Every structure is written in structure tokens, then in C-alpha cells.
Amino acid sequence: MDKPGASMSYSVESIKTKLKANPILLQIPIGSGKGFIGVVDLVSKQHMMWRGKTWHEDGRAFEMRALQSTDDPEFLEEVNQARATLIEQVAELDDEFAELLLGEYGDNFDSMPAGKLQEAIRRVTLSRKGVPVLCGSSLKNKGVQPLLDAITAYLPAPDERNHDLVRWYKDDLCALAFKVVHDKQRGPLVFLRIYSGSMKPQSAVYNINRNGTERMSRLLLPFADQHVEIPSLSAGNIALTVGLKQTVTGDTIVSSKASAAAAARRANTKTEGKKGSGQEMNSLVLAGVEVPDPVFFCSIEPPSMAKQADLEHALKCLQREDPSLKVRTDPDSGQTVLCGMGELHIEILHDRIRREYNLETHLGPLQVAYRETIMQSVTTTDTLDRTLGDKRHVVTVELTVNPWEASAPGSTACHLTYEEEVEAQISADIKEAVDSGVQSAYLQGPVLGYPVQEVLTVIHSVCVEPGTSLAMVSACVSRCMLKGLRQAGGQVLEPVMSLEVTVDEEYLSSVLGDLAQRRGTVRDIQSRHDCKVLLATVPLAEMMGYSTALRTLTSGNATFSLELASYEAMSRQDQNALLNKMAGLS
0 MDKPGASMSY SVESIKTKLK ANPILLQIPI GSGKGFIGVV DLVSKQHMMW
50 RGKTWHEDGR AFEMRALQST DDPEFLEEVN QARATLIEQV AELDDEFAEL
100 LLGEYGDNFD SMPAGKLQEA IRRVTLSRKG VPVLCGSSLK NKGVQPLLDA
150 ITAYLPAPDE RNHDLVRWYK DDLCALAFKV VHDKQRGPLV FLRIYSGSMK
200 PQSAVYNINR NGTERMSRLL LPFADQHVEI PSLSAGNIAL TVGLKQTVTG
250 DTIVSSKASA AAAARRANTK TEGKKGSGQE MNSLVLAGVE VPDPVFFCSI
300 EPPSMAKQAD LEHALKCLQR EDPSLKVRTD PDSGQTVLCG MGELHIEILH
350 DRIRREYNLE THLGPLQVAY RETIMQSVTT TDTLDRTLGD KRHVVTVELT
400 VNPWEASAPG STACHLTYEE EVEAQISADI KEAVDSGVQS AYLQGPVLGY
450 PVQEVLTVIH SVCVEPGTSL AMVSACVSRC MLKGLRQAGG QVLEPVMSLE
500 VTVDEEYLSS VLGDLAQRRG TVRDIQSRHD CKVLLATVPL AEMMGYSTAL
550 RTLTSGNATF SLELASYEAM SRQDQNALLN KMAGLS
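Residues in the sequence shown are numbered from 0 upward in steps of one, following numbering that gives the first Met the number 0.
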């Protein structure tokens with residue numbers, strides 16, 4: 000609420016239209032923007048005021064009192080109307096509360112006790128019929144305290160939630176690693192949300208995602224920036240663990256591998272038994288972090304080769320904290336390449352490396368992560384016949400690459416399948432080597448060497464002479480794949496973004512003109528109070544430096560958001576321009 004132009008009514012309306020939720024307003028703000036000084040709780044009719052003299056006060060001290068009849072009459076009327084609306088809204092969603100309201104308090108809704116209203120709001124929240132809405136300023140710590148109280152008052156306790164997956168673990172430990180931070184003295188600190196069971200220090204735990212066991216040395220209970228050592232923690236708590244060096248954000252932690260296997264057996268029994276315990280055990284993981292593919296990349300270099308190991312350590316730590324960061328090594332130049340979600344993302348990572356790891360690194364030019372696909376089906380055969388030492392390695396592979404449209408919306412994956420006779424004849428080791436060779440070829444497209452997507456590969460035959468190593472099988476398959484991809488006619492795909500710009504109407508024409516120059520396609524223009532909301536799709540390559548350009552065009556009176564929509568084929572003219580740019584000819 001401390002932002003200029005903040006509107007409570009607009010925010011509530013936005014929750015309805017954008018999130019398709021039913022907001023239940025529990026507070027009204029006192030002031031807005033720089034004048035935001037407090038809130039009124041509509042449930043208890045309590046007046047909360049933060050009277051810090053300077054902007055940097057931490058907001059811990061605030062005054063709380065009941066509304067008095069001597070308060071401003073207009074303000075009291077606004078509060079009474081808002082509370083009446085709240086009571087009517089809850090009554091529509093909760094039959095028990097409606098009966099109570101009409102029976103005992105029909106003559107005077109305002110006399111409804113706060114406790115009864117709070118119980119009804121909790122029931123509505125647990126049944127997902129409505130969503131409580133509060134307001135405040137996290138930067139200035141205003142309204143945060145009642146928000147935390149509302150979490151405990153209205154949201155479900157762990158034993159009130161019925162997680163389909165967690166119930167298979169019964170009383171055994173099941174926890175989600177939702178955050179990782181690095182401490183210079185204690186190493187990686189892993190934040191865990193415990194969904195079932197309990198945790199104790201000095202105990203071993205099993206990471207299902209990493210298929211490994213680790214031992215935590217200490218167990219801490221976090222209170223903001225204070226960490227209190229504790230002998231045990233039960234379900235529903237947030238635990239801070241020391242000693243889990245392999246765990247990354249989004250991993251599922253259980254008490255042991257046997258516990259995960261037992262949970263898988265319980266799940267199989269309930270679903271009439273499916274064969275293959277290993278696969279089911281790996282599927283019994285909590286919903287981690289879904290990260291889209293990176294759309295930008297750039298090289299990063301240390302200040303000197305002596306600092307290369309320090310840079311690798313910093314990037315390893317950052318990757319554990321941030322799953323959206325990908326790091327790879329360029330096979331041609333040997334450079335370390337950062338892959339991220341946008342310009343700002345990579346700038347923040349660069350700044351963190353400087354501040355937290357004291358490394359003055361150099362970033363190369365930011366580049367767009369294109370993709371490639373093929374235009375037609377091609378069947379190819381390749382034979383690898385090589386003698387290493389006194390061993391002869393002979394492999395013959397026949398396969399077909401086909402254009403393939405993924406069934407899942409938004410999917411950019413490739414697919415691999417075998418003819419039935421081939422799959423029945425080859426061993427598991429050879430099949431794994433073939434899979435590895437195909438996946439390796441998918442990483443290098445035929446046009447510019449970008450990863451390939453939307454390709455279906457069918458393996459027709461794999462003939463391996465005795466004594467041939469698995470590495471040679473992978474090499475032959477990869478070479479055959481690359482030959483097939485080249486013959487199938489490559490096509491470069493560029494990431495296309497969904498763009499939403501909120502701008503004052505007087506600047507709309509300037510924004511539209513700029514988008515036209517960026518190859519943008521306008522999908523819709525909506526009105527939102529005094530502003531216009533522009534919805535468009537635009538190639539990511541054209542959005543370099545857009546935040547600065549938009550700020551200049553609108554004198555700072557616009558905001559925008561970008562989201563990856565799809566990968567689209569480039570026109571022949573644009574593809575040739577990209578080829579010339581990559582070759583240094585333009």
C-alpha cells in the first residue's frame with residue numbers, strides 16, 4: 000500500500016478477474032502511498048497505526064486500539080459498511096454462519112462477535128470457497144504482524160490438510176526443501192517444510208530426487224534472521240538444517256530409502272499394484288519448483304585463471320539456491336556460460352557473485368537461447384568401425400528422425416522410440432548407450448548448433464559386434480543422428496514472449512509504435528481504471544533493453560511483464576540475418 004497509486008479496490012478486483020478467486024476483504028487501509036499509516040481490522044474492529052518518524056524505521060512498534068464512537072464519523076461509516084459487506088459475503092459462503100446470523104443477529108449484523116466471524120472465515124477458507132485478503136507494506140513492515148496472525152487463524156494446520164502423497168508416508172518423515180542459502184561458516188543451510196513425521200539433529204535422511212543419503216549435523220528453528228537450535232521438530236514446522244550438502248531447492252526428503260519404498264508399496268496397493276518399485280518410489284516426491292527453460296545466456300569469466308576455482312564454487316552454490324540458473328561449458332571455446340530467465344536475472348546473479356563471493360567477473364554479451372527443429376522425415380544408416388589398441392569396435396545403426404508435435408501444450412521436448420523387435424533384442428546397457436547418443440545429438444542442431452526440439456527419433460536397428468564398448472555405441476548413434484538432422488532440413492525457432500504493458504492512455508500510441516518496430520503482434524487492448532493494458536506477443540530478441548526504452552517513452556508511467564509463450568519458426572529473412580550476425584557479417 001506504500002506504492003504511489005496503490006488501490007485496494009483495484010487489487011481486489013484484479014484478484015477476481017486474473018486469479019478467478021473469491022476475495023474476502025478483512026482489512027481496509029488508512030491512507031495510501033506515502034500517506035499509508037495503518038489498517039483497520041474488519042473482523043475485530045481494531046485500529047492499528049504505525050507512527051514511525053522516518054521511512055527506515057523497522058515497523059515493530061505500532062498502536063492497536065478498538066474503534067471509538069468519537070472517531071471520524073465518515074471513517075466509522077466506511078468501516079461499518081465494509082464490515083457489513085464482509086458479513087454478508089461470508090454468510091453467502093457458509094450455511095452455519097448464515098443460520099447464526101439470521102437467528103441471533105438478524106436485527107443487528109454489526110453485533111456479530113469477532114470470534115464467530117473468524118470461525119466462519121476459517122471454514123470458508125478451508126473449503127476453498129473464499130480467500131482472505133489483507134493489506135500492508137512489507138518494505139516498511141506495516142501490516143506484516145496481523146498478516147502472520149491471519150495465517151495461523153485462517154489457514155489449515157498440517158493435520159487438517161489431506162495431501163494425497165503425504166498420507167502414504169503415514170508417521171514417517173516427509174519434507175520439502177524449498178530454499179537453500181549459503182553461510183560462510185556453516186556451509187549450505189537448507190530450509191525444509193515438514194509435511195509428516197519429525198526431524199532430529201545428527202540423523203540421516205534420504206533424498207529421493209538425488210537418490211542419496213545425507214546426515215544433518217544441526218537442526219535449527221528460524222525466527223526471521225535468528226536461528227535457534229532445537230532438539231526436534233514435528234509436522235507443520237519450518238526447519239533449518241546444517242549438513243545437507245547435496246540437497247537443492249525442490250528436493251523431497253524422507254527418513255530413509257526403506258521408508259520411501261514402503262510408501263511406494265502402500266501407494267501401489269491402493270492403486271491395485273503397479274510393477275516396478277523403483278519408478279513408483281521416484282514418483283512419490285512433493286511438488287518441487289517448476290522451472291521453464293532459460294531464454295538468455297552469456298559467457299562469464301573470472302578476473303584471472305587463479306580465480307577460476309572460486310568462480311566455479313560460487314556458481315555451484317548459486318545453482319543450488321536457484322534452480323532457474325543453468326551453467327554449462329561451451330565445447331568449442333571452453334568458456335563458462337550462464338543461462339538465465341532474463342536480463343535482470345543475470346544482472347542480479349552477476350551482482351551477487353561480486354557482493355557475496357568477492358569476485359569481479361566479466362560478462363559477455365547477452366544472447367537469446369534459440370532452438371532448432373527439422374522440416375521433414377529422414378532415414379539414415381551409419382557404421383562405426385574403429386580399432387583402438389588391439390580391440391576392434393563395430394557398430395551399425397539405422398534410425399529415422401521425424402518432425403513431432405508434442406501432445407502436452409507448451410512442451411518443447413523430443414521423443415525417442417524403438418521398433419518392437421529392436422527393443423526386445425538389445426540389452427539394457429546398449430539401450431542406455433543408444434539413449435545417451437540420441438540425447439547428445441539433440442543438444443546440437445544442424446543450423447546453428449542450438450538444442451533441437453519437437454523431433455521424434457525411431458530406432459530401426461542396432462548391430463553391435465562383440466567386444467564393442469558402450470561409448471562407441473553412443474558415438475555411432477550420435478553421429479548417425481547428426482547426419483539425419485542435417486539431411487532433414489533445419490529450421491531455427493525463436494522464443495516468443497507474452498507481453499503485458501500497463502500504461503497511461505496518453506502514451507499508448509508511442510508504446511504501440513515501438514512494439515511495431517520490434518515485430519510485436521498486438522492481441523488486445525483493455526481498459527483498467529485510468530490506464531490501458533496492452534496484451535501482445537513479441538520475439539524475445541527484440542526485447543533487449545525494453546525496460547529502459549519503455550521508461551523513456553512513457554516518462555516512467557508504465558509497467559510491463561514478460562512470460563515465455565512459445566517457440567516460433569523464424570522467417571527465412573530473419574533466419575538469414577541471424578546467420579550473418581552469428582558469422583560476424585553484420
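We treat Cβ as the ideally placed atom computed from N, Cα and C, and that holds for glycine. Quick caveat: nothing in here was measured; it's all calculated off a predicted structure.
C-alpha gap between residue i and residue j, whole angstroms
i      : j      : result
LYS141 : HIS46  : 13 Å
CYS297 : SER6   : 39 Å
LEU348 : ARG64  : 45 Å
LEU552 : LEU365 : 23 Å
LYS2   : LYS33  : 7 Å
ILE86  : ALA223 : 34 Å
VAL532 : PHE177 : 34 Å
LEU549 : LEU154 : 40 Å
THR558 : HIS528 : 15 Å
PRO408 : ALA564 : Caution is warranted here: a pLDDT of 44 is assigned to PRO408, below 50, making its placement in the model unreliable, and no coordinate value can be reported.
LEU362 : HIS181 : 23 Å
GLN144 : LEU41  : 16 Å
THR386 : GLU300 : 39 Å
ILE27  : ALA113 : 16 Å
SER13  : LEU507 : 21 Å
GLU256 : ASP250 : Residue identity differs from the one stated: residue 256 is Lys in this sequence, not Glu. Rounded to the nearest angstrom, the two C-alpha atoms are 14 Å apart.
GLU562 : CYS134 : 27 Å
LYS128 : PRO293 : 36 Å
THR335 : THR360 : 11 Å
7 Å Cβ shell around residue i - same chain, five flanking residues per side excluded
i      : result
LEU232 : ILE193, SER197, MET198, LEU218, LEU220 and ALA238
THR372 : PRO402, VAL451, GLN452, GLU453, VAL454, GLN490 and LEU492
LEU146 : LEU133 and GLY135
ARG265 : TRP167
Inter-residue CB distance, residue i and residue j (contact presumed, cutoff 8 Å)
i      : j      : result
ARG517 : VAL537 : 5 Å
TYR369 : TYR449 : 5 Å
ARG478 : ASP381 : 6 Å
SER258 : ASP171 : 4 Å
LEU481 : ALA440 : 5 Å
GLY30  : MET48  : Incorrect: roughly 10 Å between the Cβ atoms, too far for contact.
GLY242 : GLU213 : 7 Å
MET569 : LEU577 : 7 Å
LEU125 : MET111 : Actually they are not in contact, since the Cβ atoms of LEU125 and MET111 sit about 20 Å apart, beyond 8 Å.
Other residues of its chain near residue i: CB distance less than 8 Å, five sequence neighbours each side excluded
i      : result
THR416 : LEU455, THR456, VAL457 and ILE458
ALA313 : ILE352, GLU355, TYR356 and LEU358
GLN375 : PRO402, ALA487 and GLY488
VAL11  : PRO22, LEU24 and VAL132
HIS55  : Because the pLDDT at HIS55 is just 49, under 50, the model does not fix this residue reliably, and the value given afterwards should be weighed accordingly. Around HIS55: no qualifying Cβ.
GLU77  : ILE27
VAL510 : VAL500, VAL502, LEU533, LEU549, LEU552, THR553 and ALA557
Beta-carbon spacing of residue i, residue j below 8 Å
i      : j      : result
ALA535 : LEU514 : yes
GLN443 : ALA412 : no
LEU191 : THR240 : yes
PHE35  : SER136 : yes
PRO494 : VAL367 : yes
LYS244 : PRO200 : no
VAL89  : ALA119 : yes
VAL326 : LEU343 : no
ASN644 : VAL130 : An answer regarding residue 644 cannot be provided, because it is not within the stretch 0 to 585 covered by the chain.
LEU24  : VAL132 : yes
VAL179 : ILE252 : no
THR467 : VAL394 : yes
ASN556 : VAL502 : yes
GLU320 : THR248 : yes
THR399 : VAL377 : yes
ASN79  : ASP106 : no
Own chain partners of residue i with C-beta closer than 6 Å, once the 5 adjacent residues on each side are dropped
i      : result
TYR168 : SER195 and ALA262
GLN574 : VAL491
GLY58  : TRP49, LYS139, ASN140 and LYS141
ALA81  : ILE27 and LEU41
SER323 : VAL290 and MET340
PRO465 : none
PHE96  : VAL89, ALA90 and ALA119
Contact with chain D by residue i, beta-carbon distance below 8 Å
i      : result
LYS169 : Among the chains in the structure shown there is no chain D, since it carries only a single protein chain.
Point to revise | Touch test, the region 460 to 478 against the region 541 to 550, Cβ-Cβ under 8 Å, three pairs minimum | key: no
Point to revise | Three-pair Cβ contact test at 8 Å for the region 481 to 496 versus the region 426 to 446 | key: yes
Check your understanding: Using 8 Å as the Cβ pair cut-off and three pairs as the minimum, do the region 160 to 178 and the region 63 to 82 touch?
Key -> no
Check your understanding: Does the region 372 to 386 come close enough to the region 299 to 318 to have 3 or more Cβ pairs within less than 8 Å?
Key -> no
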